[in-house]
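Engineer: Per our numbering, the very first residue in the sequence shown carries number 2; after that it's consecutive.
Please read through the structure below; I'll follow up with questions.
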Amino acid sequence: MTIAEQISALRKELHEHNKRYYMQDAPIISDYLFDEKLATLKRLEDAHPDFFDPNSPTQRVGGAVTKNFNTVVHEHRMYSLDNSYNKQDLLDWEARMCKILGVTTLEYTCELKYDGASISLTYTNGKLVQAVTRGDGVQGDEVTNNVKTINSVPLEINASDVPGTFTIRGEIILPLAGFNAMNAARIKAGEDPYMNPRNTASGSLKLQDSRLVASRPLDCFLYQIVTSQSVFKTQLASLEAADRWGFYVPKHYIHAANIDAVITYLNEWEDKRSSLPYEIDGVVIKVNQLAYQEELGYTAKSPRWAMAYKFKAEAVETQLEDVVYQVGRTGAITPVAKLTPVLLGGTIVKRASLHNADFIAGLDLHYLDTVSVEKGGEIIPKITAINTNKRQPNSTAVRYATHCPECNTPLERHVDEAQHYCPNTTGCMPQRVGRVAHFISRKAMDIDGLGAETIQLMMQKNLLHSYASLYDITEADLIPLERLAEKSAKNIVAAIAASVEIPFYRVLFALGIRFVGQTVAKKLAQHFGSIDALAMASAQELEAVDEIGARIAESVRDFFASAENLQIIAQLRQAGVQLEQQAKEGPVSNSLADLRFVVSGVFTAFSRDDLKVLIEQHGGKIVSSISSKTSYVVAGDNMGPSKKSKATTLGIPIISEQELVTMMKA
Ligand code: AMP
Ligand code: ZN
């Protein structure tokens, strides 16, 4: 066998094993053997780069980095679906269609409505060539490299009846088990958990590093083949073909001979949905005959031949056992209901958010009340109602805590704020730990390897006092701590040392000043240029900065009024942390002063982000949408058509990146 033949045979074999493992759940070789074959293929490919194939099974692990996603116009628009919430809506819908078509009854398919991010995959000659998000339905982002890492997306398909080119649509979802595991890991690392599987799935598609995408347990469920030629007569036949071609089509779809069969299916899944290993938010009902679909056509928003039936948010009743209070890094108190554990949407619920004192008072919550809990968009469910009929005769109303549960300091509440605070910033453990955890988080100083538990342990052992004393830590300090191996101690110390290179605006964010998030930190860093200038700024000077209001100004002033904070800053300075803008971050010229720019499209000489930085460095301002106040639109390839027409209507000049560069030099 020649090398080329060997490579091709291995690829074919591994594609087949992938399909058996991920889609059919019926592997015929061990994981070990699979990995070995994959390693062999990788070795051959590395030694013979001429035979590179973007669809090789070795490409699943990711590695490609996309800075700016290309905008791609969908050949066939991706519509939304009309929603219905009750059976009468469905009967009305059927009546409308029957009237248009001049028939008395219709047959349908029913599929589950997977709750994830829509995707459109294009295959040419059996190979995946492009994956595009729905975007606004007319155009989306090309995320091919990321989608290739999803194991249930076939990179190549082999079947006799596959059209030369076709598009198939589906939903990228994150199964519950994978989502929960990701969150458990985040919580352990001291990071905020993700909100819900849907947002996490769609966020994953837009990650720049495809290796990160590969590490997420995403799946892709397919539901519609789009071709120019009429290959199939029914939706049912096209689902069956997709399945045969090797796509992942969940087996729960049915062919419904009439609307009654549809309604039976809805009733069945309303109950069964919580037994699924992934989230659905309803059922999609489609007219089965594609000829009828064509005749019915589309409204401005959605096909007339399909209907989403949305399930009501799931709710269950359970009992309130207690109210506990969590203390955040800024001292903000969050009340949390402890509930008698109950099954809701596939997970056991034990806690619900109570937001703040007003929320509790508004509910008139009593201890031992029977409450209804619902899952909204957040991980932690909400209490939506109280069943007062079941109220215990002697129960008392929940009285909000008066003292911090962690340090017993009396709580405070500012007049115009909903939240209570523990003012003991220096002595209250969760605040101290939280500040360090925030300081080292990825978007701040990016120091990996220290979880909240380790930080707390170090504080208890007096090894750590504040984030500034991180810079005094040695390997010898870390090694005796439980669970910390020598290697990770070394890595942590190295990461701390490396963090002195982190630019000033991120340091400013890392300090954890209340209300100073990433964007505000950037603005302040750019405006004041150094921590010393910022520390000396008056309230008026602070408020003069774009988008900085009285609340932020006051919080910044408070931070620098504290002797302890000044001490911490002195320590950071000594450690060599960046406390001023590097020359290259600061304004370079004022050639674009007072001009407002909208940057849109894909550029050749610079990335979009680089262009924005350049504009700001020359004194210009970036705005996100075009208005009469916009000075220029800097346009690259694929600028959105609506932006273009808006600029033209308002008479705003559209310039190229080269023209911009010329202006900057002026
Ligand atoms: P909506 O976003 O609520 O208008 O619903 C439309 C979206 O539902 C589509 O863009 C798809 O991403 C998604 N969807 C999930 N499951 C299906 C399915 N079985 N058939 C069609 N669309 C589906
Ligand atoms: Zn406290």
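For every residue, glycine included, the Cβ atom is placed at its ideal position computed from N, Cα and C.
Keep in mind that this is a model prediction, so the values were computed, not measured.
1) Tell me which residue opens and which closes the beta strand (DSSP E) that Gly141 is part of.
2) Is the segment 263-271 touching the segment 206-226 in the sense that three or more CB pairs, one from each, lie closer than 8 Å?
3) Where the beta carbon is closer than 7 Å to any heavy atom of the ligand ZN, which residues qualify, in chain order?
4) Return the CA-CA distance between Met183 and Pro304, expressed in angstroms with no decimal places.
5) Examine the ligand AMP and report whether any of its heavy atoms sits within less than 6 Å of the Cβ of Glu413.
6) Classify Asp449 as helix, strand or coil using the three-state DSSP reduction.
7) DSSP state of Asn395, grouped into three classes?
8) With a threshold of 16 other CB atoms inside 10 Å of the CB of Val437, please say whether the residue is buried or exposed.
9) Roughly how many angstroms lie between the CA atoms of Gly247 and Ile158, to the nearest whole one?
10) Measuring from the CB of Tyr115, is there a heavy atom of the ligand AMP at a distance below 6 Å?
11) Taking buried to mean at least 16 other C-beta atoms within 10 Å of its own C-beta, is Phe53 buried or exposed?
12) Does DSSP put Glu542 in a helix, in a strand, or in coil?
13) Can you give me the C-alpha to C-alpha distance between Gln432 and Val325, rounded to a whole angstrom?
14) Run through the segment 353-424 for me and flag every whole alpha helix (DSSP H) of 4 or more residues, listed as ranges in chain order.
15) From the DSSP output, read off the bridge partner residues of Leu84.
16) Among residues of its own chain, excluding the 5 on either side of His77, which ones have a beta-carbon nearer than 8 Å to its beta-carbon?
17) In the DSSP assignment, what are the bridge partners of His619?
18) From Glu586 to Ile493, what distance separates their C-alpha atoms?
19) If we ignore side chains and look at the alpha-carbon of each, how far apart do Val343 and Glu375 end up?
20) On a Cα-Cα basis, can you pick out the residue from Leu42, Val66 and Phe70 that is closest to Ser57?
21) Within 6 Å: the Cβ of Leu82 and any heavy atom of the ligand AMP?
22) Check whether the Cβ atoms of Arg330 and His439 sit closer than 7 Å, and answer yes or no.
23) At which residues does the alpha helix (DSSP H) containing Glu322 begin and terminate?
24) Using only the heavy atoms of the ligand NAP, determine whether one of them is closer than 6 Å to the beta carbon of Glu544.
25) Among all the DSSP beta bridges, which residues are the ones paired with Glu295?
26) I'd like to know whether the C-beta atoms of Thr150 and Ser231 end up nearer to each other than 7 Å.
27) Beta strand (DSSP E) containing Thr110: first to last residue?
28) Please work out which residues of its chain come closer than 8 Å, Cβ to Cβ, to Asn388, disregarding the five sequence neighbours upstream and downstream, and give them in chain order.
29) Which residue marks the beginning of the beta strand (DSSP E) containing Ile169, and which one marks its end?
30) In whole angstroms, what is the alpha-carbon distance linking Lys488 and Ala386?
31) Going along the chain, which residues of its own chain have a beta-carbon closer than 6 Å to the beta-carbon of Gly191, five neighbours each way excluded?
32) When you compare only the Cα positions, how much space is there between Met2 and Leu15?
33) Determine the DSSP secondary structure at Cys221, reduced to helix, strand or coil.
34) Report yes or no: do the segment 532-545 and the segment 612-620 share at least 3 C-beta pairs separated by less than 8 Å?
35) Counting only the same chain and skipping the five closest in sequence on each side, list residues whose C-beta sits under 7 Å from that of Ala419.
36) What first and last residue would you give for the alpha helix (DSSP H) that runs through Leu512?
Structural biologist: Judging by the given coordinates:
1) Gln140 to Asp142
2) Not touching, per the Cβ criterion.
3) Val328, Gly332, Cys405, Glu407, Cys408, Thr410, Cys423, Asn425, Cys429 and Gln432
4) 36 Å
5) In this structure, the C-beta of Glu413 stays at least 6 Å away from each heavy atom of the ligand AMP.
6) Reduced to three states, the DSSP call for Asp449 is coil.
7) coil
8) buried
9) 7 Å
10) yes
11) exposed
12) In the three-state DSSP reduction, Glu542 falls in the helix class (H, G or I).
13) 17 Å
14) 358-364
15) Contrary to the premise, residue 84 reads as Asn rather than Leu in this sequence. Paired residues: Ala309.
16) Thr168 and Val227
17) According to DSSP, His619 bridges with nothing at all.
18) The pLDDT assigned to Glu586 is 48, lower than 50, so where the model puts this residue is not dependable; a value taken from the coordinates is nonetheless given after this. Spanning the two alpha carbons is a distance of roughly 28 Å.
19) Val343 and Glu375: Cα-Cα distance of roughly 11 Å.
20) When C-alpha distances from Ser57 are compared across Leu42, Val66 and Phe70, the shortest belongs to Leu42.
21) Within the cutoff, so yes.
22) yes
23) Premise fails: Glu322 lies in the beta strand (DSSP E), Ala316 to Val328, not in any alpha helix (DSSP H).
24) Summarising the ligand content, the structure contains the ligand AMP and the ligand ZN and does not contain the ligand NAP.
25) Looking at the DSSP assignment, Glu295 forms no beta bridge with any residue, so it has no partner.
26) no
27) Tyr109 to Tyr115
28) Around Asn388: Glu318, Asp370, Thr371, Val372 and Ser373.
29) Thr166 to Ile174
30) 51 Å
31) Ala438, Gly452 and Ala453
32) Those two C-alpha atoms are separated by around 18 Å.
33) strand
34) no
35) Asn357 and Asp359
36) First-last for Leu512: undefined, no H or E at that position.
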